[in-house]
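Shown next, in structure tokens, is the structure this report addresses.
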Amino acid sequence: MAKILLSKENLFHNLEIIKNHAGNKDKVAVVLKDNAYGHGLLEIATMAKEFGIKKAVVRTYEEASKIEKLFDYILILAETNFPTYSHSFHIALNSLENISNLPKDANVHIKVDTGMHRNGISKDELEECIHGLCKNNVNITGVFTHHRSADELSTEFYWQNENFKDVKRIVVNLCEKLSLALPKFHSCNSSALFRHNHFDEDFARVGIATYGYIENKKPLRVPDLKPVLSLWASKISTRKITKGQAIGYGGTYIAKEDMIASTYDLGYGDGFLRINEKNKYFTPKGYKILGRVSMDNLSLNSDDKEVCIFDDANDLAKIHDTISYEIITTLSTQIPRQIV
Ligand SMILES: *Cc1c(COP(=O)(O)O)cnc(C)c1O
């Protein structure tokens, strides 16, 4: 059976680097949305807790309820429907319209748009927003934003930081006027955290770096992270292929000599994006994917019982003209995860 192995040693190595850069464990909120970037929500949540992380970030209410017992503080990025509500939950407010949907007495983090123009309210709406939240009897526990270009070699990172500083000034003034407790301020994802030399926000929301990747372009700081996940496939059958015979859909791979080829139980149906005749892919041991990847199968010039298909998503990201994030998050939830 295909499987995903999760290296606890590598996860702890990454969390140690992140913790040191952020200052301490309380300044790290581990981002576990989308099945912990394809790694397995409960597996990563359990290990992060064991490391001593107390804050998590997820996308939905459902994800938050699954890890409720493991963290003191859970930020939910994109949910408007709450069947029940727990006091460890903090709900991101992405627009003024959603104020009236918030559960009574909820903790709310106001998302502010400082230049990405994706989610969040604008600076000009802050006053209306804070008054609206007070009227609805919810607790404003955070104010945050998201960078659009922290991993790019540009000054936009600094421009957005300046915008967020304005936001902080406005919020602090309003809180003083209304005698409200000051909320937590946070703006950093993985790339933004590592662009700071002296990180001084309340916490950072760290996703991709936890899993061992970062897209920061050199000469930006690229920490020495290690991929946590490796994907393995098991052999279904082996056959002798004679020179001139073709393998797989379209017969695009033609054997140049007599060879052994085996089929393995992994395909694009498992979220391993399809490789075809336009690109070459070699596994970490140097086996080649022969012809097109099928829905549930792929062929290799190997007869090993089990083969590691990848242990570094960057190689595949290059082939598919995408980013490490997409390679790992597409992996099917049905593949068994094993911690090693
Ligand atoms: C996904 C996400 C993050 C994590 O980003 P990484 O680049 O993976 O560290 C942080 N904040 C928000 C709002 C997100 O949606």
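Residue numbers for the sequence shown follow UniProt numbering, so the first one is 1 and each next one is one higher.
For each residue, glycine too, the CB sits at the ideal point set by N, CA and C.
What separation, rounded to the nearest whole angstrom, lies between the Cα atoms of residue i and residue j?
| i | j | result |
| --- | --- | --- |
| serine 95 | threonine 60 | 16 Å |
| lysine 8 | asparagine 139 | 36 Å |
| phenylalanine 185 | phenylalanine 272 | 37 Å |
| methionine 295 | lysine 278 | 18 Å |
| valine 307 | alanine 192 | 36 Å |
| aspartate 26 | lysine 55 | 7 Å |
| aspartate 303 | threonine 238 | 6 Å |
| tyrosine 85 | phenylalanine 51 | 26 Å |
| lysine 305 | tyrosine 264 | 9 Å |
| lysine 66 | phenylalanine 89 | 12 Å |
| threonine 283 | glycine 132 | 55 Å |
| serine 234 | threonine 333 | 18 Å |
| leucine 42 | lysine 288 | 33 Å |
| methionine 47 | tyrosine 211 | 12 Å |
| threonine 80 | cysteine 134 | 18 Å |
| asparagine 120 | isoleucine 241 | Correcting the residue type first, residue 120 is glycine in the shown sequence and not asparagine. If I take the Cα positions, the gap works out to 58 Å. |
| glutamate 16 | asparagine 24 | 9 Å |
| phenylalanine 71 | lysine 49 | 7 Å |
| phenylalanine 194 | leucine 316 | 24 Å |
| valine 57 | isoleucine 260 | 47 Å |
| isoleucine 4 | aspartate 124 | 47 Å |
| leucine 100 | asparagine 314 | Before going further, note that residue 100 is serine rather than leucine in the sequence given. So the two alpha carbons sit approximately 43 Å from each other. |
| leucine 11 | lysine 19 | 12 Å |
| asparagine 136 | asparagine 98 | 11 Å |
In this structure, does DSSP put residue i in helix, strand or coil?
| i | result |
| --- | --- |
| alanine 78 | coil |
| alanine 209 | coil |
| alanine 56 | strand |
| phenylalanine 51 | helix |
| isoleucine 339 | strand |
| serine 71 | With the sequence shown as reference, residue 71 is identified as phenylalanine, and serine is not the correct amino acid for it. Reduced to three states, the DSSP call for phenylalanine 71 is coil. |
| leucine 102 | coil |
| leucine 32 | coil |
| lysine 3 | strand |
| isoleucine 44 | helix |
Between which two residues does the alpha helix (DSSP H) containing residue i stretch?
| i | result |
| --- | --- |
| alanine 64 | 61-66 |
| lysine 19 | 8-22 |
| leucine 316 | 313-319 |
| tyrosine 325 | 324-329 |
Check whether the Cβ atoms of residue i and residue j sit closer than 7 Å, and answer yes or no.
| i | j | result |
| --- | --- | --- |
| glycine 250 | asparagine 297 | no |
| glycine 38 | threonine 329 | yes |
| aspartate 312 | proline 227 | yes |
| isoleucine 208 | serine 190 | yes |
| valine 222 | proline 183 | no |
| isoleucine 254 | alanine 246 | yes |
| tyrosine 224 | lysine 243 | Residue identity differs from the one stated: residue 224 is aspartate in this sequence, not tyrosine. Contact: no. |
| valine 108 | leucine 93 | yes |
| valine 172 | threonine 145 | no |
| residue 341 | isoleucine 339 | Residue 341 cannot be examined here, being either before or after the span of the chain that is shown, 1 to 340. |
| lysine 217 | leucine 178 | no |
| glycine 91 | alanine 78 | Here residue 91 turns out to be isoleucine, not glycine, going by the sequence shown. Against a cut-off of 7 Å, the Cβ pair of alanine 78 and isoleucine 91 comes out as no contact. |
| arginine 337 | leucine 6 | yes |
| glutamate 215 | isoleucine 319 | no |
| isoleucine 327 | alanine 2 | no |
| alanine 22 | alanine 204 | yes |
| glycine 248 | glycine 291 | yes |
| leucine 229 | serine 262 | no |
| threonine 114 | phenylalanine 164 | yes |
| leucine 102 | isoleucine 130 | no |
What is the residue span of the beta strand (DSSP E) that residue i lies within?
| i | result |
| --- | --- |
| lysine 135 | Here lysine 135 belongs to no beta strand (DSSP E); instead the alpha helix (DSSP H) covers 126-135. |
| lysine 111 | 107-111 |
| lysine 235 | 229-241 |
| isoleucine 91 | 89-93 |
Answer yes or no: does any C-beta atom of chain C fall closer than 7 Å to that of residue i?
| i | result |
| --- | --- |
| histidine 90 | Absent here is chain C; the protein component of the structure consists of one chain. |
**Item:** Segments of 3+ residues assigned as beta strand (DSSP E) that fall wholly inside the stretch 250-309
**Value:** 259-264, 298-300
**Request:** Quick one: which unbroken beta strand (DSSP E) runs of 3-plus residues sit fully inside the stretch 139-206? Chain order, please.
**Result:** 139-144, 184-186, 204-206
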